[in-house]
Amino acid sequence: MNPRLPESIEEAQLLLAYASRNGIALDPATINVVVAAGNKITAGTMGEADEAAFWPAFETLAAKVSPVTVLSLRAIMDVRTTKHHSFPARLFKSRFSEWSVARRAVLWYTMLAVVSLALLLVVQIYWLFGLSIQSDLQEDKAAYEKATAALVTAKPEERNKLDDERSTLELESRSDYKLLERWSRPWEDKCDPSKTVCDCASSDAGAYQACLNISRESSAKVVLSILQRYLLPLLYGLLGASVYILRTLSAQIRARTYSEAANIDFRIRLYLGTLGGMVSAWLISPEVAGGLVKTLSPFAIAFLSGYSVELLFAVMDRIISAFSKPQ
Numbered sequence: 121m122n123p124r125l126p127e128s129i130e131e132a133q134l135l136l137a138y139a140s141r142n143g144i145a146l147d148p149a150t151i152n153v154v155v156a157a158g159n160k161i162t163a164g165t166m167g168e169a170d171e172a173a174f175w176p177a178f179e180t181l182a183a184k185v186s187p188v189t190v191l192s193l194r195a196i197m198d199v200r201t202t203k204h205h206s207f208p209a210r211l212f213k214s215r216f217s218e219w220s221v222a223r224r225a226v227l228w229y230t231m232l233a234v235v236s237l238a239l240l241l242v243v244q245i246y247w248l249f250g251l252s253i254q255s256d257l258q259e260d261k262a263a264y265e266k267a268t269a270a271l272v273t274a275k276p277e278e279r280n281k282l283d284d285e286r287s288t289l290e291l292e293s294r295s296d297y298k299l300l301e302r303w304s305r306p307w308e309d310k311c312d313p314s315k316t317v318c319d320c321a322s323s324d325a326g327a328y329q330a331c332l333n334i335s336r337e338s339s340a341k342v343v344l345s346i347l348q349r350y351l352l353p354l355l356y357g358l359l360g361a362s363v364y365i366l367r368t369l370s371a372q373i374r375a376r377t378y379s380e381a382a383n384i385d386f387r388i389r390l391y392l393g394t395l396g397g398m399v400s401a402w403l404i405s406p407e408v409a410g411g412l413v414k415t416l417s418p419f420a421i422a423f424l425s426g427y428s429v430e431l432l433f434a435v436m437d438r439i440i441s442a443f444s445k446p447q
């Protein structure tokens, strides 16, 4: 007798139960062979003729329920194990060890999506806050220069108003630089602006502070550029890939076609989507793109590139074909 026969009969019974629950019509002869094989293997009376009849019936049954397979059915079935007696074991091991492969995959990719979204929100808010400070500083500088230029040719009765305006702008600039200092604290320890202004520092505290502000503002521009061009598109790509995986996973579980082997495809998709989100910021420009892409922001394109890697591949194919010589 084939040593794999008992396991194969158990698998056939699993497929038979699935077909019956889902209303899949089967040949009565196929059902009889599978049921008889199960009874005889239990009783130990399985003969060569019974085994020869079982394999064609198993093949017919597997073809009827395709694309559902034994692996996909077992992947969504919870495993019943012996209960642990200690409280920590019952709390952390018992429940999780009984979870199906599909349930663990849903938990893992859901947590990944939530963490990706939370990290994205933190970085996005941090970037927007820094961008707002930079914008306010530029506006204050432009307004201050304009008021200073107007003061030269202003009439005596207008000078007081312009002086008050300049004083207000100076206070706003000091406030913005104070906010910029707080905004820069997470990375300022690694790149201390005070070390870069030693040459221009003097005994004049005002000159030193002005030089320090300029150095800090320049460093902030670099950090904002890094966040916008690299980190944020990467996180958007990661989030897009996570959403795609969750949607695909849900559809496969609903159709009973998910198996543990699909996790390999999901991991590859996760890597490609994350990388695609960052690469899309370099390759796809809304200004030069056509169609619907032209109306999207770079971050939206990064998310779509993570969700649908094919979008990025299509753009790459167009770029390659544009530089390829016709045969």
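Residue numbers (my numbering): 121 to 447.
Even glycine gets a Cβ: it sits at the ideal position worked out from N, Cα and C.
Measuring CB to CB, does Gly393 end up less than 7 Å from Val429? yes
Buried or exposed: which applies to Gln258, given that a residue is buried once 16 or more other Cβ atoms fall within 10 Å of its Cβ? That one is exposed.
Hey, how far is the Cα of Gly426 from the Cα of Trp402? The alpha-carbon atoms of Gly426 and Trp402 are separated by roughly 14 Å.
Distance CB(Pro126)-CB(Ile161) smaller than 7 Å: yes
DSSP three-state label for Val337, please. Going by the sequence as given, residue 337 is Glu instead of Val. Of the three classes helix, strand and coil, the one that applies to Glu337 here is helix, per DSSP.
As assigned by DSSP and simplified to three states, the class of His204: Residue confidence for His204 is low, a pLDDT of 48 falling below 50, so the modelled location carries little weight; the figure read from the coordinates is stated next. Coil, per DSSP.
Looking at C-alpha atoms only, which residue of Asp147, Ser140, Pro148 and Glu171 is the closest neighbour of Ile129? Glu171
Cβ-based burial, Ile346 [other Cβ within 10 Å; buried from 16]: Ile346 should be labelled exposed.
Which first and last residues belong to the alpha helix (DSSP H) in which Met231 is found? Val221 to Thr273
So is Asp385 buried or exposed if we call it buried at 16+ other beta carbons inside 10 Å? exposed
Top-ranked residue by Cα proximity to Cys331, from Ser186, Ala371, Val343 and Tyr297: Tyr297
Contact between the segment 348 to 358 and the segment 184 to 197 (3+ Cβ pairs under 8 Å): Not touching, per the Cβ criterion.
So is Leu241 buried or exposed if we call it buried at 16+ other beta carbons inside 10 Å? By the beta-carbon neighbour count (other beta carbons within 10 angstroms, threshold 16), Leu241 is exposed.
Please state whether DSSP places Ala145 in a helix, a strand or coil. Here DSSP, grouped into helix, strand and coil, assigns Ala145 to coil.
C-alpha gap between Glu292 and Val272, whole angstroms: 22 Å
Going by DSSP, what residue range makes up the alpha helix (DSSP H) through Ser287? Pro276 to Trp303
What does the Cβ neighbour count give for Ile454, buried or exposed, with the cut at 16 atoms within 10 Å? The structure shown does not extend to residue 454, since the chain is modelled only from 121 to 447, so the question has no answer here.
Just to check my reading of the structure: Ala233 and Leu369 have Cβ atoms closer than 8 Å, yes? What is that Cβ distance to the nearest angstrom? At roughly 11 Å, the Cβ-Cβ gap does not stay under 8 Å, so Ala233 and Leu369 are not in contact.
Which residues in the same chain have their Cβ closer than 7 Å to the Cβ of Val188, if we skip the five residues on either side of it in sequence? Tyr138, Arg376 and Thr377
Please determine, among Ser220, Arg438 and Ala262, the residue with the shortest C-alpha to C-alpha distance to Ile373. Taking each of Ser220, Arg438 and Ala262 in turn and checking the Cα distance to Ile373, the smallest one comes out for Ser220.
Are Ala132 and Val154 closer than 7 Å when you measure CB to CB? Yes, they are a contact pair.
For Met166, count neighbouring Cβ atoms within 10 angstroms of its own Cβ and tell me buried if that reaches 16, exposed if not. It counts as buried.
Output yes or no for whether 7 Å exceeds the beta carbon distance between Ser304 and Ala340. yes
Segment limits, alpha helix (DSSP H) that includes Ser192: Start and end: Val190 to Ala195.
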